[in-house]
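Step one of this worksheet: look at the structure below.
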Amino acid sequence: MHGFSWFDMRGTEGVGFERALRTLLTNYMPTTLPELGRVVRVRFEELRQQNSVAKGSHQTRMFSLMKELIAVSNAYVLFGSEVCNDREFMAAASSYMDETLGVAEILRLIPSFAVPFLGKLTSARFKSGRTMYQKLLSVVEVRCEERDMKAIGREIPNYSDCIQWIMDTAPKQTPWTPQRIVWELMAIWFGACYSLTVTSTFTVQDLGRHPEYVKYLRAELQEQYGGFERTGKGLPLLDSFIKESARQHPIESMSTRRRAMRPFQFSDGTKLEVGDWACTPVHAINHDSTHYPDPFRFNGFRFVRPEVLEKATIKVDADASQSEPSAITEVSDKWQFWGTGRMACPGRYYATMALKVIIGQIITHYDISLPDPNAKSVLTWRSTFLPRNSFPVVLTPISA
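In terms of my numbering, the sequence shown is numbered consecutively and its last residue is 429.
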């Protein structure tokens, strides 16, 4: 990322970035949800046609579609409509995730002494990061000039986007340079695009596998979506369905990677030497009957409160339901989707709202089916689980 060097020491950086995502972005979301829904709805139909396996077909390459859709929705919220409408930027931003992952995997497989040289050589072959960096830098430099003008009493435009919030929450005594701000934005971008793309694609696949849930989800969206747009809260049935899909299909088999900086011993006697790594086994936790009754069974309303199910006249198998209902934004020992404790993802509230907008628009406007539900739908690489782009999904407009 053009020389970005993150301090490998907890507490050195990150307070401002956490406040920007956890507080400022979360509080702003209800303001932008109605327009975000419109952007998603229009762009989704364009992408559905572009990603059809054949002209006029409703069969879609879902992973590719969601990758571009998530890029558009993230750019609109994080960077504003001007950046979102820049086609060159959006093309680079959509490719940035794949190129970054590709370079990272190459570097993980080679000896450490060769990483600096091959890292520069490999990254130089990809242009998306460079394009994205230059585009954002030009915007941030203008914002920094305006910040300096404001300091001498000039009037400047007001902005409500992640660019401005990162600038406003950066250290005051040693203000970040425009380059440093862009590095931060690109790091946020990668995390937001990667997790949302994978989670939303698996959720759409599960809607096709379990069509019996769709009528209840549509009814909830019809009755409660307006309230969700105004507050950013609600839609418990959809929340539970997305969470159950994420439980069955975690992005990684491991989470919360921590490297021992000094010898350490866990309470059970397990010892770590300097340089050893410890992780939480997310996939195993998600399929542990201690935490989740009948864990290999898909129960889309597993996490819904009983009174909500009763009001919606929904009957579920109590043997596959949680004794303590919870939301997808939960952070606990048994739900490691967002990480652990105080280091959990501060953008999880934004991510959840964005997922509800995207999946809600799809459920409302399309019928989903799987022509070959038994086809391989998951690509496994090392500890990562990704949706196969070749897995067939049919999206039929309801108005058709």
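All residues carry an ideal CB built from backbone N, CA and C; glycine is no exception. Note that the coordinates shown come from a computational prediction; the quantities given were computed from them, not determined experimentally.
- [ ] May I ask which residues mark the beginning and end of the alpha helix (DSSP H) holding Gln234?
- [x] Going by DSSP, Gln234 is part of the alpha helix (DSSP H) stretching over Pro207 to Arg238.
TODO: Let me know if Ser428 comes out buried or exposed under the rule of 16 or more other beta-carbons within 10 Å of its beta-carbon.
DONE: exposed
Task: Identity of the residues DSSP links to Thr89 by a beta bridge - done: Ser81 and Val422
TODO: Take Val245 as the anchor and find which of Lys340, Ser406, Tyr57 and Thr369 has the nearest alpha-carbon.
DONE: Note on identity: in this sequence residue 245 is Tyr, with Val being the wrong assignment. Residue Lys340 is the option with its Cα nearest to Tyr245.
Open item on the list: What would DSSP say about Thr260, mapped onto helix, strand or coil?
Closed with: helix
Task: Beta-carbon separation (whole angstroms), Thr226 vs Lys385, contact threshold 8 Å - done: Actually they do not touch by this definition, with Cβ atoms about 16 Å apart.
Open item on the list: Relative to the C-alpha of Ile314, which candidate in Gly304, Trp306, Phe325 and Asp305 has its C-alpha closest?
Closed with: Looking at the Cα atoms, Phe325 is the closest of the given residues.
Task: Close-in-space but distant-in-sequence residues of the same chain around Arg72 (CB under 7 Å, 5 per side omitted) - done: Leu98 and Val101
Open item on the list: Check for me: the beta strand (DSSP E) holding Ile397 runs from which residue to which?
Closed with: Tyr395 to Ser398
- [ ] Run the CB neighbour count on Arg154, radius 10 Å, all protein chains shown included, and call it buried at 16 or more, exposed below.
- [x] exposed
- [ ] Pick out whichever of Asn103, Ala122 and Asp346 has its Cα sitting closest to the Cα of Leu62.
- [x] Asn103
Open item on the list: Less than 8 Å between C-beta atoms, sequence neighbours within five positions excluded: which residues of the same chain meet that for Val303?
Closed with: Only Ala289, Met290, Arg291 and Pro292 meet the Cβ criterion.
TODO: Tell me whether the beta-carbon of Phe92 lies closer than 8 Å to the beta-carbon of Pro279.
DONE: 8 Å or more divides the Cβ of Phe92 from the Cβ of Pro279.
Open item on the list: Give me, in chain order, the residues of the same chain whose beta-carbon lies closer than 7 Å to that of Met283; leave out the 5 immediate sequence neighbours on both sides.
Closed with: The residues are Cys308, Thr309, Pro310, Val311 and Ser412.
Task: Sequence-distant residues of the same chain with beta carbon closer than 6 Å to Leu94, five excluded per side - done: Leu76 and Asn80
Open item on the list: Checking the sheet assignment: what are the DSSP bridge partners for Val407?
Closed with: Pro416, per the DSSP bridge assignment.
TODO: Pick helix, strand or coil for Phe11, following the three-state DSSP scheme.
DONE: This structure cannot speak to residue 11, because the chain is shown only from 30 to 429.
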